[in-house]
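Visitor:
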Amino acid sequence: MRAISNQKKEDVKHLLQQGTTYRKISELTGVSLGAIGAIRKDLNVDIEANGAGRKRIMSSNDIRAVIRKLVTGEYKSVEDASRQLRATYPNKVTPSAETIRREMKRLNYVAMKKPNVLPLTRSRRNARFRFAQAYRSWTVEDWKRVVFTDETKVNRLGSDGLHWTWIDPDGKLRERNVIHTYKHGGGSIMI
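With the sequence shown counted from 1, adding 1 to any position gets you the working numbering.
1. For Lys145, is the classification buried or exposed, using 16 other Cβ atoms within 10 angstroms of its Cβ as the cut-off for buried?
2. Going by the DSSP bridge assignment, what does His181 pair with across the sheet?
3. On the DSSP letters alone, give me the boundaries of the beta strand (DSSP E) that Ile213 sits inside.
4. Measuring straight from C-alpha to C-alpha, what distance separates Ala98 and Tyr136?
5. Taking 8 Å as the limit between beta carbons, can you name the residues of its chain near Lys25, skipping five residues before and five after?
6. What span of residues does the alpha helix (DSSP H) with Val32 cover, start to end?
7. Report the partner residues of Met105 according to the DSSP bridge assignment.
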């Protein structure tokens with residue numbers, strides 16, 4: 002492979018910065034397409050994308066608005082978001098549920114099933130603190146002697162169907178990400 006002169010490298014760099022295509026640069030300078038790519042990499046030349054390809058349906062503002070409404074609970078799910086957007090903007094191209102899901106994943110949001118938890122009231126917080134204080138000196142061996150049991154729940158009222166939620170990229174569960182259960186499971190019997 003023959004060396005490319007510094008003058009030709011500068012010519013290629015100048016043409017790249019002007020937005021000239023690789024093929025046109027190759028015709029003008031006689032440098033191969035691969036060498037043009039190598040020169041661009043070596044000289045760290047930033048070039049703008051030519052804008053080819055399908056345009057995004059959702060702008061960054063649209064995405065932020067949908068995420069905000071999903072997070073605040075105004076939209077119950079991505080399907081609900083898609084449906085409400087379609088109803089709100091009937092003459093505009095609106096994103097499908099799958100498009101919204103893809104954008105959420107691109108921004109590192111994670112979908113998960115909502116866990117059932119009791120509301121963290123002041124009395125429960127105090128009880129947890131007292132428990133932690135009482136057993137803070139226990140070792141792993143002490144905990145191995147404890148037998149943990151489980152219960153089963155039979156529904157009397159309400160649904161125990163799956164509920165999905167979007168977790169923020171930081172991975173923390175927030176109040177909106179859980180289903181609160183109340184005394185005796187809110188209409189169910191523990192056996």
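Don't be surprised by glycine CBs; every beta carbon is placed ideally from N, CA and C.
Guide: This is what the structure holds:
1. Reading the sequence shown from its first residue, position 144 is the one you call residue 145. Lys145 should be labelled exposed.
2. The count along the sequence shown starts at 1 and reaches residue 181 at position 180. In the DSSP output, where bridge partners are listed per residue, His181 has Val118.
3. Outside the modelled stretch of the chain, which goes from 2 to 192, sits residue 213, for which no answer is possible.
4. By one-based count along the sequence shown, residue 98 stands at place 97. By one-based count along the sequence shown, residue 136 stands at place 135. Using only the alpha carbons, I get a separation of about 48 Å.
5. Walking along the sequence shown from the start, residue 25 turns up at place 24. Excluding residues within five positions, the ones whose Cβ falls inside 8 Å are Leu16.
6. By 1-based counting over the sequence shown, the position of residue 32 is 31. Val32 -> no alpha helix (DSSP H), and no H or E assigned at all.
7. Position 104 of the sequence shown, counted from the first residue, corresponds to residue 105. Partner(s): none; Met105 has no beta bridge.
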